[in-house]
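Participant: Numbered as in the numbering used here, the sequence shown ends at 152 without a single skipped number.
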Amino acid sequence: MKIKDVMSTPVVVVPPITPVRDVARHMDYSGVGCVVVSEGRGIAGIVTDRDLAVRVLAQGRDGDTPVGEVMSGHPVMVRAEDEVEVAFDTFRRHSFRRLPVDAEGGVVGMVTIDDLLLQMHQLTADLLTPVVKEISEPQHQSD
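1) What is the rounded straight-line gap between the Cα of Ile52 and the Cα of Val65?
2) Could you spell out where the beta strand (DSSP E) holding Glu48 opens and where it closes?
3) Under the three-state reduction of DSSP, which class applies to Pro24: helix, strand or coil?
4) For the candidate residues Arg107, Met129, Val15 and Met80, whose alpha-carbon lies nearest to that of Val32?
5) Count the other CB atoms within 10 Å of the CB of Asp71; is the residue buried (16 or more) or exposed (fewer)?
6) Go through its chain and collect everything with a Cβ distance to Ile122's Cβ below 7 Å, but skip five positions before and after it.
7) Have a look at Met16, Ile144 and Thr27 and flag the residue whose alpha-carbon is nearest the alpha-carbon of Gly77.
8) Check each candidate in His35, Val56, Val22 and Ser39 and name the one with the smallest Cα separation from Arg50.
9) Looking at the structure shown, is Arg30 part of a helix, part of a strand, or coil, going by DSSP?
10) Is Glu90 near Lys11, with beta carbons less than 7 Å apart?
11) Strictly by DSSP, which residues pair up with Thr57?
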């Protein structure tokens, strides 16, 4: 299975000069915990809800702080055409919960640990459904 089959879209993208107050509003409105910071087509970094708490609130910065000052630069990315095992391996090697997904030089989605867990649970349910159905049907005995 490919990452493009499990990634979340669309991605919220902001320029590095965006005030963190506006970034938090974008996150709230879009229901996401991570925003991509982009300059042109390239990705400059990402900022998570945790980054806002630790690098803005905990440091006493104000809401006008540009997101480019608190983002995580040069994020590790995966490609849309990669197999999901690449994302699993990347999550194992790093302490991330979210990975931007690249296709043709631009960010096209975000894959999260939650996306992968939901996919695993769905696959397990799909495998078990026929077994449960067979077990729960009455067995006909011949006399």
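Don't be surprised by glycine CBs; every beta carbon is placed ideally from N, CA and C.
Note that the structure is a prediction, hence the values are computed from the model and not measured.
Facilitator: Once the coordinates are examined:
1) Position 43 of the sequence shown holds residue 52. Position 56 of the sequence shown holds residue 65. Taking the Cα positions, Ile52 is about 21 Å away from Val65.
2) Looking up residue 48 in the sequence shown gives position 39. In the DSSP assignment, Glu48 falls within the unbroken beta strand (DSSP E) covering Cys43 to Glu48.
3) Translated into positions along the sequence shown, residue 24 becomes position 15. Pro24 carries a coil assignment under DSSP once its states are collapsed to helix, strand and coil.
4) Counting from one through the sequence shown, the residue named residue 32 turns up at place 23. Considering only alpha carbons, the answer is Met80.
5) The residue you call residue 71 lines up with position 62 of the sequence shown. The residue is exposed, with fewer than 16 neighbouring Cβ atoms inside 10 Å.
6) Reading the sequence shown from its first residue, position 113 is the one you call residue 122. Hits under 7 Å: Phe100 and Arg106.
7) Position 68 of the sequence shown holds residue 77. Out of Met16, Ile144 and Thr27, Thr27 has the C-alpha closest to the C-alpha of Gly77.
8) For the purposes of this step, residue 50 is taken as residue 41 along the sequence shown, with counting starting at 1. Checking every option, the nearest Cα to that of Arg50 belongs to Val22.
9) In the sequence shown, counting from the first residue as 1, residue 30 sits at position 21. The answer is helix: DSSP assigns Arg30 an H, G or I state.
10) Position 81 of the sequence shown, counted from the first residue, corresponds to residue 90. Position 2 of the sequence shown, counted from the first residue, corresponds to residue 11. Going by C-beta atoms, Glu90 is nearer than 7 Å to Lys11.
11) Taking the sequence shown and counting its residues from 1, one reaches residue 57 at position 48. In the DSSP output, where bridge partners are listed per residue, Thr57 has Cys43.
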